[in-house]
Structures are given as C-alpha cells and as structure tokens.
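*Asks:* UniProt numbering applies: residue 12 is where the sequence shown begins, and numbers increase by one.
This is the structure I want to talk about, given as structure tokens.
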Amino acid sequence: PTPAAAPNRLTITGAGLVGSLLALYLARRGYSVDVYERRPDPRRAGADSGRSINLALSDRGWRALEGVGIAEAVREVAIPMYGRVMHDAHGNLSQQPYGQPGQGIYSVSRGGLNRRLLELAEAEAGVRLFFGQQCLDVNLRQQELHLRDIETGQELHQPYQHLFGTDGAFSAVRSALQRTERFDYSQSYLEYGYKELTIAAAPDGGWVLEKHALHIWPRGSYMMIALPNLDGTFTCTLFFPFEGADSFASLQTPADVTEFFGRVFPDALPLMPELTDDFFHNPTSSLVTVKCFPWSLEGEALLLGDAAHAIVPFYGQGMNAGFEDCTVLDELMERHGADWQTVFREFQQLRKPNTDAVADLAVYNFVEMRDKVADPRFLLQKKIEGKISAQYPGQWTSLYSQVTFSHRPYAEAWANGQRQDAIMARLMKHIDTEADYDRPEVQAMVGKELERAG
Ligand code: FAD
Numbered sequence: 012p013t014p015a016a017a018p019n020r021l022t023i024t025g026a027g028l029v030g031s032l033l034a035l036y037l038a039r040r041g042y043s044v045d046v047y048e049r050r051p052d053p054r055r056a057g058a059d060s061g062r063s064i065n066l067a068l069s070d071r072g073w074r075a076l077e078g079v080g081i082a083e084a085v086r087e088v089a090i091p092m093y094g095r096v097m098h099d100a101h102g103n104l105s106q107q108p109y110g111q112p113g114q115g116i117y118s119v120s121r122g123g124l125n126r127r128l129l130e131l132a133e134a135e136a137g138v139r140l141f142f143g144q145q146c147l148d149v150n151l152r153q154q155e156l157h158l159r160d161i162e163t164g165q166e167l168h169q170p171y172q173h174l175f176g177t178d179g180a181f182s183a184v185r186s187a188l189q190r191t192e193r194f195d196y197s198q199s200y201l202e203y204g205y206k207e208l209t210i211a212a213a214p215d216g217g218w219v220l221e222k223h224a225l226h227i228w229p230r231g232s233y234m235m236i237a238l239p240n241l242d243g244t245f246t247c248t249l250f251f252p253f254e255g256a257d258s259f260a261s262l263q264t265p266a267d268v269t270e271f272f273g274r275v276f277p278d279a280l281p282l283m284p285e286l287t288d289d290f291f292h293n294p295t296s297s298l299v300t301v302k303c304f305p306w307s308l309e310g311e312a313l314l315l316g317d318a319a320h321a322i323v324p325f326y327g328q329g330m331n332a333g334f335e336d337c338t339v340l341d342e343l344m345e346r347h348g349a350d351w352q353t354v355f356r357e358f359q360q361l362r363k364p365n366t367d368a369v370a371d372l373a374v375y376n377f378v379e380m381r382d383k384v385a386d387p388r389f390l391l392q393k394k395i396e397g398k399i400s401a402q403y404p405g406q407w408t409s410l411y412s413q414v415t416f417s418h419r420p421y422a423e424a425w426a427n428g429q430r431q432d433a434i435m436a437r438l439m440k441h442i443d444t445e446a447d448y449d450r451p452e453v454q455a456m457v458g459k460e461l462e463r464a465g
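Shown next as structure tokens:
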C-alpha cells in the first residue's frame with residue numbers, strides 16, 4: 012500500500028465482478044487505481060474451490076463490457092440460452108422462448124469472467140491489485156481505510172482521496188456509511204436458501220440436456236434450475252425452504268436426498284452422480300435484498316454493485332445491474348470530469364429508483380419461475396403476448412424483454428410491465444386457446460387496449 016493518497020489516485024475495495032470492471036473504466040479515464048480485495052488472487056492455481064459456477068449475462072451487462080472493448084472476447088466463452096425448458100414431475104418437457112428468435116441470455120463462468128477482468132485491469136496502466144487485504148472499517152472523516160492482511164494478520168491504515176465501495180452484499184464501506192447521519196438501510200432475507208449442484212457431462216464431453224436453454228424444474232413452492240458450462244456440465248441451483256416438510260432441514264442423510272430427488276426431480280437424478288457429495292459438501296447460502304441510501308458521502312465515497320443494491324437472483328440481473336452502474340458512472344464522468352461531488356450525487360439519483368425496481372422485479376420473478384411456468388394458463392398468456400408483440404411491433408414488448416434485452420431504465424420497465432399485466436388480465440378472460448386470439452371480438456379488444464395504452 013502507498014504511504015499517502017495522491018490526488019488522482021482512486022481507491023476501490025472489492026475486486027469482484029463490479030470492482031474489477033470499474034477499475035478498468037476508471038483506468039481508461041487516466042486515473043491511477045488501487046484495488047484492495049479480501050480474497051487471494053483468483054488467478055493463482057488452487058485459489059478457487061474448483062466448482063464451476065455460472066451466471067446469466069444479458070444486454071445491460073454486454074453494453075458495459077463493450078464500453079471497455081471486451082464483449083467479443085467474453086462472447087467466445089459464453090453459451091447462449093434462447094429460452095426456458097421446463098421439466099415437470101414426470102420428466103416431460105415444455106419450452107418458452109425468452110424473446111425474438113436469436114435473442115438469448117448468456118451463461119458465463121463467474122470465475123472466468125472475474126479473472127479476465129482482473130487480467131485486463133492489471134495490464135492497464137496504473138491499476139494496482141492488492142489481494143488478501145480485508146477492509147475492516149473505513150474512517151470516513153479522516154478518509155482512511157483500515158485494512159488487515161489475511162496471511163500475516165498485520166493491520167494498517169491506508170489514506171484515500173476517493174473511495175469506491177464494491178465489496179458486495181456485506182460491504183464494509185456501507186457499514187461505515189450506515190453510521191453517518193440519516194442513512195437509510197434495510198435488509199430482508201427470503202425464507203429460502205440455495206445450494207449449487209452439478210449435472211455431469213456425457214462420456215464424450217457433450218451436454219446431456221439441451222445446451223442452449225436455461226432448465227427449470229418448477230415445483231410450486233421451490234425449484235431447481237440449471238445453466239450450461241463449456242465443459243459439458245450444468246451448474247444446478249436448488250432454491251429450497253430452510254425449514255418445513257420439504258426443506259433443507261428435512262433432508263438430513265444421503266438416503267433422504269436421493270429419495271427426494273427421485274420423487275420430485277426424477278429425470279435429473281440419474282444425471283447427477285455427485286448429488287449426495289455435492290449436497291453435503293456445498294454450502295447452503297441465504298438470499299438477501301439490501302436497500303440503502305444515500306450511496307455517497309460528498310465526493311469522497313461511493314457504493315456500487317451489490318454493496319449499494321443486493322438483490323435476489325431470480326431475474327438474473329444482479330451483475331447486469333452492477334455492470335450498468337459502471338456504464339452510468341462512466342457517462343457521468345464524461346459529462347462532469349473530476350467533479351466527483353456532482354458525479355456521485357447524480358449517479359445515486361439516477362440509479363436508486365432503478366435498482367429499487369429491479370430488486371422488486373427479482374422477487375416477483377421467483378414466483379413466476381418456481382410456480383407460474385408450470386401453469387398452462389400462464390404459458391398460454393405468454394403465447395398471446397407473443398402474438399400481440401408480433402402484430403403490433405414496437406407497441407408491445409414483454410416485461411422480460413424490457414428488463415433483459417433493452418436498456419430502458421428498470422423503473423420504467425417495471426411500471427410498464429404492471430400496466431401490461433392489467434391488460435392481460437382483462438384479455439385472458441376471453442381467451443381459452445391460442446386460436447381465440449384471432450376471434451374478431453378479441454382482436455377488437457386488443458386494438459382498443461393498445462390505443463388506450465397509447
Ligand atoms: P461481489 O461479486 O460479491 O464481489 C464483492 C467482492 O468484494 C468479492 O470479491 C469479495 O471477496 C470482496 N470483499 C467483500 N468484503 C470485503 C472487504 N471487507 N474487504 C475487501 N474485499 C471485500 N447476477 C446476474 O446478473 N445474473 C445471474 O444469473 C446471477 N445469478 C446469481 C445467482 C446466485 C445464486 C447469486 C447469489 C447471485 C447471482 N447474481 C446474478 C448476482 C451477482 O452474483 C451479483 O450481483 C454480483 O456478483 C455483484 O458483484 P459485486 O462485484 O458487486 O459483488
């Protein structure tokens with residue numbers, strides 16, 4: 012660490028997905044950047060657990076990667092998923108496209124993406140990465156980080172001029188801000204936890220399920236999902252109650268787990284040879300939403316990514332929203348230069364309503380994924396929506412597409428989606444089959460609704 016904070020030196024805590032991308036954006040604007048990260052360097056052999064964990068990247072994330080010129084390189088190691096494939100309790104499959112033909116979300120390796128961003132950041136002039144450095148606290152008045160070296164236990168105080176807190180859902184920077192005057196803060200946990208499991212590759216290294224899809228086993232009050240990896244495996248995530256009849260608490264032995272999976276996910280069980288090992292070795296993690304405000308203190312400190320707005324994962328938007336933070340911050344730096352006070356103030360004003368909206372959308376989508384996608388009426392409604400959007404191009408874009416395949420602010424997408432939901436509720440009273448859509452009275456209603464919606 013440096014002895015003192017130089018004037019155009021910026022400091023970041025947390026080199027996760029958002030912190031490593033942010034370092035690149037700041038360095039490209041000519042700043043020297045120091046990044047302090049608690050974990051060891053993930054690029055060193057043996058640094059991660061060896062589990063492949065993936066996540067879905069969509070348009071907002073792609074735009075942010077394009078902004079630093081790395082979208083094409085990431086696309087080469089990403090797997091497009093064009094729709095959902097639902098697996099019912101008898102192993103029957105049904106499908107639902109995500110958007111227009113060719114539109115998809117992309118499965119990327121979390122570790123791979125993070126390592127790539129770190130490599131690029133380090134290659135960039137002026138970015139220095141300090142691993143194994145945990146931020147214990149921040150003295151906001153004296154503008155000093157209190158750091159601890161994870162290996163030696165040595166503690167030190169590091170001055171900063173401008174601090175960017177991208178240290179995730181349990182941010183130490185946010186904890187310091189929480190002790191300032193009139194700071195609003197809330198966190199809420201779902202009664203569900205999650206556990207990552209694996210579907211094995213075929214003997215020839217291929218994929219045993221449709222590769223270009225996100226698989227869902229919706230079971231009403233819980234679900235499992237699976238996203239493809241490049242090595243032929245799928246990373247599954249079981250979202251499951253902590254307590255109750257079917258819950259993490261009720262599955263205590265390998266026999267319990269095998270019996271349960273055989274009963275509720277019968278087509279998946281034979282594809283999961285490591286199931287019981289995974290189940291008892293991988294952690295059961297919790298799902299939290301964090302909302303807070305303000306995200307900044309003067310022009311001196313700013314929260315971004317999960318540190319500012321942690322959301323539950325059901326819209327696949329947490330990282331995408333954090334990446335969009337980088338795009339928006341970069342636009343404000345373009346406009347206001349190094350007037351950090353203005354940049355930080357406008358940033359939080361612009362982003363707060365939108366990240367609140369995506370937090371609510373994410374909770375809403377949990378119900379859709381675990382329950383509604385198994386309901387034929389819901390799937391019929393989605394088909395009818397597809398027909399409306401084909402018949403009235405530009406006038407009807409599904410909520411999912413507005414969130415996933417557009418850059419429309421999340422708050423606008425959410426408000427629009429709620430209006431569309433109300434319209435669909437009225438229309439669906441007159442529709443029992445796909446063919447009903449073409450009935451003259453239904454056509455007239457659709458026309459009138461769209462005219463009214465303007
Ligand atoms: P993080 O990725 O959490 O990084 C924070 C970094 O800060 C870490 O490296 C951590 O070690 C470090 N750190 C923490 N505390 C300290 C400290 N005190 N001092 C120094 N360093 C510290 N999003 C999507 O867009 N699509 C998806 O499909 C998706 N799926 C998800 C599935 C699950 C199960 C979960 C839980 C989340 C998912 N997300 C998804 C959300 C996504 O993971 C997060 O939004 C994203 O990782 C946020 O990035 P971040 O850099 O803000 O925080």
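All residues carry an ideal CB built from backbone N, CA and C; glycine is no exception.
(1) Check PRO12 in the structure and name its three-state DSSP category.
(2) Skipping 5 residues on each side, what residues in its chain have a beta carbon closer than 7 Å to that of ILE124?
(3) Please identify the residue among SER69, LEU37, GLY217 whose C-alpha is closest to the C-alpha of SER412.
(4) Cβ of GLY310 within 7 Å of Cβ of PHE355?
(5) Tell me where the alpha helix (DSSP H) around MET92 begins and ends.
(6) What beta strand (DSSP E) runs, 3 residues minimum, are completely inside the segment 57 to 121?
(7) What number of angstroms, rounded off, separates the C-alpha of LEU158 from the C-alpha of THR24?
(8) Does the beta-carbon of GLY25, which I'm using as the reference point, lie nearer than 6 Å to any heavy atom of the ligand FAD?
(9) Is the CB-CB distance between VAL96 and GLN111 below 7 Å?
(10) Classify PHE141 as helix, strand or coil using the three-state DSSP reduction.
(11) Can you tell me the Cα-Cα spacing of ASP382 and PRO214, whole angstroms?
(12) To the nearest angstrom, how far is it from the Cα of ARG62 to the Cα of ARG50?
(13) Where do the N-terminal and C-terminal ends of the beta strand (DSSP E) with MET283 fall, by residue?
(14) Give me the Cα-Cα distance between PRO14 and LEU249, rounded to the nearest whole angstrom.
(15) Suppose you measure from the CA of ASN427 to the CA of PRO239; what does that come to, to the nearest Å?
(16) For HIS418 and ALA373, what's the separation of their Cα atoms in angstroms?
(17) Any heavy atom of the ligand FAD closer than 6 Å to the Cβ of THR246?
(18) Measuring only from the beta carbon, is CYS146 closer than 6 Å to any heavy atom that is part of the ligand FAD?
*Replies:* To lay it out plainly:
(1) Reading the sequence shown from its first residue, position 1 is the one you call residue 12. Bear in mind that a pLDDT of 48 at PRO12, under 50, signals an unreliable position, so the model cannot answer this.
(2) Within the sequence shown, numbered from 1, the residue matching residue 124 stands at position 113. According to the sequence displayed, residue 124 carries Leu and not Ile. LEU28, VAL85.
(3) Working through the sequence shown from its first residue, we reach residue 412 at position 401. That would be SER69, whose Cα lies nearest to the Cα of SER412.
(4) In the sequence shown, the residue the question calls residue 310 occupies position 299. In the sequence shown, the residue the question calls residue 355 occupies position 344. Contact flag set, yes.
(5) In the sequence shown, the residue the question calls residue 92 occupies position 81. From DSSP, MET92 is part of no alpha helix (DSSP H) but of the beta strand (DSSP E) over 90 to 92.
(6) Segments of the beta strand (DSSP E) lying fully in the segment 57 to 121: 65 to 68, 90 to 92, 94 to 98, 104 to 108, 116 to 120.
(7) Residue mapping note: residue 158 aligns to position 147 of the sequence shown, counting from 1. Residue mapping note: residue 24 aligns to position 13 of the sequence shown, counting from 1. Using only the alpha carbons, I get a separation of about 10 Å.
(8) Numbered from 1 along the sequence shown, position 14 holds the residue referred to as residue 25. Yes, the beta carbon of GLY25 sits closer than 6 Å to at least one heavy atom of the ligand FAD.
(9) One-based indexing of the sequence shown puts residue 96 at position 85. One-based indexing of the sequence shown puts residue 111 at position 100. Cβ atoms of VAL96 and GLN111: not closer than 7 Å.
(10) As a working note, residue 141 is residue 130 in the sequence shown. Three-state result, PHE141: strand.
(11) For this step, residue 382 is matched to residue 371 along the sequence shown. For this step, residue 214 is matched to residue 203 along the sequence shown. If you take the alpha carbons of ASP382 and PRO214, they lie about 33 Å apart.
(12) Counting from one through the sequence shown, the residue named residue 62 turns up at place 51. Counting from one through the sequence shown, the residue named residue 50 turns up at place 39. Roughly 16 Å between the two C-alpha positions.
(13) Your numbering for residue 283 matches position 272 in the sequence shown. Note, MET283: premise wrong, no beta strand (DSSP E); not H, not E.
(14) On the sequence shown, residue 14 is found 3 positions in, with the first residue counted as 1. On the sequence shown, residue 249 is found 238 positions in, with the first residue counted as 1. Residue confidence is low: PRO14 scores 46 on pLDDT, short of 50, so the model does not pin down where it sits. Its coordinate-derived value is still stated next. PRO14 and LEU249 have their C-alpha atoms some 47 Å from each other.
(15) Counting from one through the sequence shown, the residue named residue 427 turns up at place 416. Counting from one through the sequence shown, the residue named residue 239 turns up at place 228. Approximately 32 Å, taken between the alpha carbons.
(16) Here residue 418 refers to the residue found at position 407 of the sequence shown. Here residue 373 refers to the residue found at position 362 of the sequence shown. Rounded to the nearest angstrom, the two C-alpha atoms are 17 Å apart.
(17) As a working mapping, residue 246 is identified with position 235 in the sequence shown. For the ligand FAD, not one heavy atom lies less than 6 Å from the Cβ of THR246.
(18) Here residue 146 corresponds to residue number 135 of the sequence shown, with the count starting at 1. It does: the Cβ of CYS146 is within 6 Å (strictly closer) of some heavy atom of the ligand FAD.
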